[in-house]
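Reviewing the structure listed below.
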Amino acid sequence: MQNLPSGERVNLLGLTQPALEAYVGELGDRPFRARQLARWIYKRGEARIEHMTDLAKAFRARLAEQAEVRVPEIVDVRESRDGTRKWILRADASQAFEMVFIPEDDRGTLCISSQVGCALDCAFCSTAQQGFNRNLTTAEIIGQVWLAARELGGSEAGARLGERLADRPITNVVLMGMGEPLANLRNVIPALKILVDDHAFDLSRRRVTLSTSGLVPQIYRLAEEVNVALAVSLHAPDDELRSELVPINRKHPIAELLAACWHYLDEQNGRSVTFEYVMLEGVNDSPAQARGLARLLAGHPAKINLIPFNPFPGAPYRRSPAEKILRFRDELNAHGLIATVRRTRGEDIDAACGQLAGRVIDRTTVRLGRKSFGLVVQP
Ligand code: SAH
């Protein structure tokens, strides 16, 4: 199974159905036990093996000796005036990552991270400023959804995913938190499989969206492995500007990226790619640039999501004024494209797009003669 340091237990969280079946087999039981286990873990949110009462006692005992359901530790929670909630989760002693829940009238979207930090260095993103620390494991990626379902649930019915829609606080999952998901495909693909697996979280592939800055070969890989909804951070209508804003464009220019997008859609019926476009004042927000963007995308199954720039300390850009954003949108619409403006959520708790910067420093403080261990998020 997994190569673990002696004494460390197998983490059941993050094993895909075939891996869980193989593990159950190693323990000498039959494959259907894996389905029962998955239902306990993902649908009922149960982490305690001894509470999984329809598993035979002897099997439970064997399992409890070697395995566990291990989720990331919550370091802090913040709630915005608009109901958006952000959790800061511990990656290791000195690093953290973040996830954000965005409640809306018709859906509840959980935005999860795939890496601690990011190596792609996009000029307008605060995660980029902290550099790359490490990939999250499959268990840490899927653990975010598990934890949020538990935290938002309150009741057993609420904590359960995969029952009636009305009982589910989380209806959509987007990989738009910290990190570049396609740079961590090894761990992201199993996590996506667990999200859409009907024995596990059982989300429709349309309700799971992966956002990428444009790692072209990995878009082709993803199309083969698990065809979830795709969002692409385009942000500019031409290669010169895009290479400045999204440096990976120097390696995979726009034409190559768009070809990968249309190929991705060949595997899906009646769907479209969402192109994200951050609105930076005086940089990429002119009507001529809107027309340039329309020329690139017109006639293709594309939607454009305009994201007002969210500032962070030291950011070298300003948000385009609202009128300019609307003008840009209208220009796109006039050219037959579907363009919408993303409502900024959770800005007061630094939970908005591009504001996630979960760098945490270790702090051992001595208070009232007691040694307390605390984590402080750097501004
Ligand atoms: N690395 C992936 C996913 C994470 S970012 C990607 O690049 O797509 C999710 C979205 O927020 C991306 O479109 C990203 O470009 C955008 N974004 C980053 N910084 C932002 C900021 N400061 N303001 C608004 N949007 C931002």
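Position one of the sequence shown corresponds to residue 1 (the numbering used here), numbered consecutively onward. C-beta: ideal position from N, C-alpha, C; glycine also. Given the structure is predicted, the values throughout are model-derived calculations rather than measurements.
Cutoff 9 Å: A22 Cβ touching any chain D Cβ: Here there is only one protein chain, and chain D is not present.
Runs of beta strand (DSSP E) lying entirely within the stretch 284 to 357, each at least 3 residues, in chain order: 302 to 308 and 338 to 341
Any non-hydrogen atom of the ligand SAH closer than 8 Å to L192 Cβ: On the sequence shown, position 192 is the one that residue 192 refers to. Because no heavy atom of the ligand SAH lies under 8 Å away, the Cβ of L192 does not count as near it: no.
Contact set for N133: own chain, Cβ-Cβ below 6 Å, skip 5 residues either direction: The sequence position of residue 133 within the sequence shown is 133, counting from 1. Q95, V116 and G117, listed in sequence order.
Environment of R85 [buried if 16+ CB atoms lie within 10 Å]: Indexing the sequence shown from 1 puts residue 85 at position 85. Classification of R85: buried, given that the 10 Å Cβ count is 16 or more.
Member of M176, R44, Y42 and P72 whose CA lies at the smallest distance from the CA of F101: By one-based count along the sequence shown, residue 101 stands at place 101. Cα-wise, what sits closest to F101 is M176.
Reduced DSSP secondary structure (H/G/I, E/B, other) of S211: By one-based count along the sequence shown, residue 211 stands at place 211. Correct three-state label for S211: strand.
DSSP three-state assignment for V246, whether helix, strand or coil: As a position in the sequence shown, residue 246 is number 246, starting the count at 1. V246: coil per DSSP, three-state reduction.
Whole-Å CB distance - L332 paired with E98, under 8 Å assumed: Working through the sequence shown from its first residue, we reach residue 332 at position 332. Working through the sequence shown from its first residue, we reach residue 98 at position 98. At roughly 31 Å, the Cβ-Cβ gap does not stay under 8 Å, so L332 and E98 are not in contact.
CB contact flag (P72, Q144, <9 Å): Indexing the sequence shown from 1 puts residue 72 at position 72. Indexing the sequence shown from 1 puts residue 144 at position 144. Yes, Cβ-Cβ distance for P72 and Q144 is below 9 Å.
Buried versus exposed, by CB contacts within 10 Å (16 or more), T364: In the sequence shown, counting from the first residue as 1, residue 364 sits at position 364. Low confidence applies here, because T364 scores a pLDDT of 37, under 50, leaving its location unreliable; read the following figure in that light. So T364 counts as exposed.
Continuous beta strand (DSSP E) stretch holding C111: start and end: Translated into positions along the sequence shown, residue 111 becomes position 111. From DSSP, the beta strand (DSSP E) with C111 extends over G108 to C111.
Coil, strand or helix - E66 by DSSP: As a first step, residue 66 is located in the sequence shown; it is residue number 66 there, counting from the start. Strictly speaking, residue 66 in this sequence is Gln, with Glu absent from that position. In the structure shown, Q66 sits in a helix (DSSP, three-state: H, G or I).
Three-state class that DSSP yields for F124 in the structure shown: Against the sequence shown, residue 124 aligns to sequence position 124. DSSP places F124 in coil when its eight states are reduced to three.
Sufficient close CB pairs (3 or more, under 8 Å) joining the stretch 318 to 331 to the stretch 289 to 307: yes
Bridge partners - A76, DSSP secondary structure assignment: Here the question's residue 76 lines up with position 76 in the sequence shown. One point to set straight first is that residue 76 is Asp, not Ala, in the sequence displayed. I88.
Length of the line joining the Cα atoms of K43 and A200: Position 43 of the sequence shown, counted from the start, is the residue given in the question as residue 43. Position 200 of the sequence shown, counted from the start, is the residue given in the question as residue 200. In a straight line, the C-alpha of K43 is about 6 Å away from that of A200.
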